[in-house]
Each structure stands twice: as C-alpha cells, then as structure tokens.
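These notes concern the structure reproduced below.
Residue numbers (this note's numbering): 109 to 286.
Here it is, written out as structure tokens:
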C-alpha cells in the first residue's frame, strides 16, 4: 500500500478529527506487531494482529522473525537512510498514546494497549511500593541513588496482569531472545 493512502487510512479511522490516534483494535500499531507474532505462534492474544494494509500476514508465518526496535527514530529519517541497509523495507505504523518509551515497549512486550497495561510514563506512582518509581530502571524516584527495587518483596509480575510475549512463546516452546 502506498504511504499516502496509509496516512489517509489512519486519518479516516482516527477517533479525533484532524488528529491521528492509535488504532489498536484496527491493527495499525506497534503493539499489533507483537500480536501478529503471537498469532503466528498460535498463542492467545488480546489484540488483533497487524492489519494487512500495513504488512502482509504471511510475514509472520516464518520460522525466524527478527523484530528490531529503534527508539525515537523519525519516519522521514527511516525512509531517507533505508537505502543504505540492504533488504530493509520501511512502512509507517502508529505508536502508542502517550508515545513514551515505557508505554511503547510495554505495549510491544505484552501485545496490549496502554489501556490494559497502564504503564504510561517514565515515572509512576505504584501503591505496591508506596511511592513514585522510575519504570525503565525500576528505581525509586524519591532518592538520587540507583538502588533497584527489583529485590523488594513485591512481585513484579503482579504489576501487569498478563503474560509477556516472551512468556507466551516459551510456553509454546518457541525460541526467542530479548
């Protein structure tokens, strides 16, 4: 599909006139990539796979898939420099809202929307810890030292009530690397 027509699709399906909003249920976001990988492995997933308007479903019916995430890469730069890397094809896709690293990576890791996983920013109040936590390195935002909260008594798996794509793939005995 041509890039301009994908942009028109995004605009026409957007919930806010004049804006482009994430289209999780329509299969147009980065979280839907992970959903496609899970669907290809016949795993349970809450989101639909990536729309065929963005990428052909056959791509996910392969023995090996490499998902490379480049944080903060502008689409126009990807187009401009893609010719320097053989076998790279650039397609546009929608991110998350908010479009923070934490939200985007969590959406990919859980193949779910921010509405479900609730990881919305770099710092979040977590009642389990009784304070504000820096999500990316899981340290307390109240102190300047980088003491990790990972060794605390709180079970981290309880923060998001869903299995990651890696856990789901492992259950199917599918090799993966993160």
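Don't be surprised by glycine CBs; every beta carbon is placed ideally from N, CA and C.
From the DSSP output, in three-state form, read off residue i for me.
{"i": "residue 248", "result": "strand"}
{"i": "residue 109", "result": "At residue 109, the pLDDT of 46 sits below 50, so the modelled position is not reliable; the number obtained from the coordinates is stated separately. Of the three classes helix, strand and coil, the one that applies to residue 109 here is coil, per DSSP."}
{"i": "residue 148", "result": "helix"}
{"i": "residue 211", "result": "helix"}
{"i": "residue 280", "result": "coil"}
{"i": "residue 85", "result": "Because the chain here runs from 109 to 286, residue 85 falls outside it and cannot be looked at."}
{"i": "residue 192", "result": "helix"}
{"i": "residue 115", "result": "helix"}
{"i": "residue 167", "result": "helix"}
{"i": "residue 198", "result": "coil"}
{"i": "residue 224", "result": "helix"}
{"i": "residue 121", "result": "helix"}
{"i": "residue 240", "result": "strand"}
What separation, rounded to the nearest whole angstrom, lies between the Cα atoms of residue i and residue j?
{"i": "residue 275", "j": "residue 199", "result": "28 Å"}
{"i": "residue 204", "j": "residue 224", "result": "12 Å"}
{"i": "residue 216", "j": "residue 241", "result": "21 Å"}
{"i": "residue 109", "j": "residue 243", "result": "Confidence is the limiting factor: at residue 109 the pLDDT is only 46, short of 50, which leaves the residue's position unreliable and the question unanswerable from this model."}
{"i": "residue 147", "j": "residue 239", "result": "37 Å"}
{"i": "residue 149", "j": "residue 128", "result": "31 Å"}
{"i": "residue 272", "j": "residue 183", "result": "27 Å"}
{"i": "residue 269", "j": "residue 169", "result": "28 Å"}
{"i": "residue 159", "j": "residue 113", "result": "14 Å"}
{"i": "residue 132", "j": "residue 219", "result": "10 Å"}
{"i": "residue 188", "j": "residue 197", "result": "12 Å"}
{"i": "residue 250", "j": "residue 237", "result": "11 Å"}
{"i": "residue 130", "j": "residue 152", "result": "22 Å"}
{"i": "residue 245", "j": "residue 176", "result": "21 Å"}
{"i": "residue 195", "j": "residue 145", "result": "20 Å"}
{"i": "residue 234", "j": "residue 214", "result": "16 Å"}
Going by alpha carbons, who is nearest to residue i out of the options?
{"i": "residue 179", "options": "138, 239, 118, 196", "result": "138"}
{"i": "residue 164", "options": "181, 135, 192", "result": "135"}
{"i": "residue 115", "options": "162, 211, 234", "result": "162"}
{"i": "residue 156", "options": "221, 167, 140", "result": "140"}
{"i": "residue 221", "options": "233, 207, 230, 121", "result": "207"}
CB-CB under 8 Å to residue i, same chain, minus the five flanking residues each way: which ones, in chain order?
{"i": "residue 123", "result": "129"}
Examine the ligand ADP and report whether any of its heavy atoms sits within less than 7 Å of the Cβ of residue i.
{"i": "residue 140", "result": "Because no ligand of any kind appears in the structure shown, any question about the ligand ADP cannot be addressed here."}
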